[in-house]
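Report on the following structure.
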Ligand code: NDP
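Numbering (the UniProt record's numbering), first residue to last: 6 to 342.
In structure tokens:
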């Protein structure tokens with residue numbers, strides 16, 4: 006059983022010294038347990054938070070413990086009457102090839118799922134996050150302007166496409182011309198601005214001639230600075246993630262924007278609300294799954310994966326994700342199905 010454990014806690018950007026690849030015997034399932042073989046491993050930005058021991062909504066990964074992760078796996082041995090050999094399940098195996106489960110946290114994916122890895126992306130945590138954050142907090146109305154950054158990632162791409170379904174003008178923000186082209190040509194966004202551009206704030210303003218009614222916050226940093234002056238009265242900001250600062254070791258340079266932010270919230274009567282998807286919305290998963298299945302079947306939602314092969318390549322793929330070198334949902338193929 007090859008597994009990747011947290012070797013040390015990163016200061017700033019994580020690197021190879023923070024991880025260790027280990028080999029252990031394949032564990033044996035006890036009474037009522039199943040042995041799972043990881044087929045697909047999900048890499049997600051939240052894992053940076055789990056590497057740190059700063060207080061957060063979830064406990065950190067302990068030093069020496071297997072890195073946490075959602076996985077799609079298959080049952081290879083079962084002592085649990087609810088599962089049989091060969092079953093596909095959504096599980097939390099972490100960064101390893103095999104894991105034991107008592108079945109209580111497994112979600113069956115059916116006998117022969119057509120796209121099993123979708124359970125980690127568009128039909129799973131990121132898709133659900135986009136759906137609830139946008140619809141429940143963003144409350145999109147036809148004709149409103151919605152801005153979303155990380156526009157080609159699994160959350161941002163889904164937010165923008167649901168925004169289009171709800172009749173919004175959708176402006177994406179992404180890193181580089183290729184991602185921006187994809188957001189407009191394939192995802193159907195009305196515009197997409199490259200946040201690396203020197204005149205990013207000016208371009209964003211031009212793309213939002215009627216101001217911004219909803220800003221779905223995935224990144225923070227410079228993107229938020231560009232967005233802040235453009236808010237309309239009554240704007241809503243679902244605060245989903247702040248990836249621009251996950252590796253930060255200090256507050257950003259420059260003038261303190263706190264007073265400006267508070268003043269804008271007051272004068273524009275804005276709503277900013279953070280959320281943690283399963284803590285806040287877990288029971289509403291079926292509502293999301295029904296809508297998303299239908300939109301996918303109707304071709305209204307496009308979805309792109311960034312495939313990586315081999316458990317040993319997970320750390321580098323994770324560094325790339327934090328640096329914007331992924332293009333779509335990062336899924337590591339760990340074992341043959
Ligand atoms: P993404 O693939 O969107 O995340 C990686 C992307 O973030 C990169 O490709 C890059 O895109 C962008 N990025 C990285 N650094 C910066 C930066 N400094 N400025 C602007 N963009 C940057 O992953 P997800 O779709 O899974 O996650 C999107 C966000 O949603 C994350 O912040 C994540 O933490 C959050 N999240 C929150 C949840 C919750 O419950 N609240 C649940 C799930 C996700 P580009 O090259 O386009 O800049």
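C-beta: ideal position from N, C-alpha, C; glycine also.
Model, not experiment: these values are computed from the prediction.
Tell me residue i's beta-bridge partners as DSSP assigns them.
i	result
residue 229	Residue 229 is not bridged to any residue.
residue 45	77 and 338
residue 222	244
residue 185	Looking at the DSSP assignment, residue 185 forms no beta bridge with any residue, so it has no partner.
residue 279	244
residue 152	176 and 220
residue 236	217
residue 27	8
residue 343	The structure shown has nothing for residue 343, since the chain only spans 6 to 342.
residue 40	82 and 105
residue 112	95
residue 291	Answer is none; residue 291 lacks a bridge partner.
residue 198	178
residue 312	336
residue 71	10
If we ignore side chains and look at the alpha-carbon of each, how far apart do residue i and residue j end up?
i	j	result
residue 152	residue 220	5 Å
residue 127	residue 159	7 Å
residue 211	residue 196	10 Å
residue 12	residue 58	13 Å
residue 235	residue 64	37 Å
residue 82	residue 42	9 Å
residue 114	residue 216	42 Å
residue 39	residue 147	48 Å
residue 130	residue 281	11 Å
residue 122	residue 243	27 Å
residue 27	residue 103	13 Å
residue 180	residue 84	48 Å
residue 183	residue 34	47 Å
residue 206	residue 76	38 Å
residue 4	residue 255	Past the edges of the chain, shown from 6 to 342, lies residue 4, and the structure says nothing about it.
residue 4	residue 25	As displayed, the chain neither begins before 6 nor continues past 342, which places residue 4 out of reach and without an answer.
residue 112	residue 287	13 Å
residue 72	residue 49	12 Å
residue 37	residue 107	6 Å
residue 168	residue 110	32 Å
residue 137	residue 283	10 Å
residue 201	residue 190	20 Å
residue 89	residue 79	9 Å
residue 326	residue 301	25 Å
residue 232	residue 265	13 Å
residue 270	residue 277	8 Å
residue 251	residue 54	7 Å
residue 316	residue 19	17 Å
residue 177	residue 32	46 Å
residue 16	residue 329	19 Å
residue 305	residue 246	25 Å
residue 9	residue 47	14 Å
residue 337	residue 319	7 Å
residue 163	residue 132	6 Å
residue 343	residue 248	Residue 343 lies beyond the stretch modelled for the chain, which goes from 6 to 342, so this question has no answer here.
residue 192	residue 222	19 Å
residue 23	residue 14	6 Å
residue 227	residue 198	13 Å
May I ask whether a heavy atom of the ligand NDP can be found less than 7 Å away from the beta carbon of residue i?
i	result
residue 309	no
residue 134	yes
residue 61	no
residue 131	yes
residue 247	yes
residue 179	yes
residue 44	no
residue 218	no
residue 155	yes
residue 236	no
residue 228	yes
residue 50	yes
residue 198	no
residue 224	yes
residue 160	yes
residue 280	yes
residue 327	yes
residue 184	yes
residue 331	yes
May I ask you to check if the CB of residue i is nearer than 7 Å to at least one heavy atom of the ligand MN?
i	result
residue 301	Questions concerning the ligand MN fall outside what the structure shown contains, since the ligands it does hold are the ligand NDP.
Contact the segment 28-44 vs the segment 94-110: 3+ CB pairs below 8 Å: As far as the Cβ criterion goes, the segment 28-44 touches the segment 94-110, which means the pair count is three or higher.
The segment 301-314 touching the segment 141-151, judged by at least three CB pairs closer than 8 Å: Verdict: no, contact absent.
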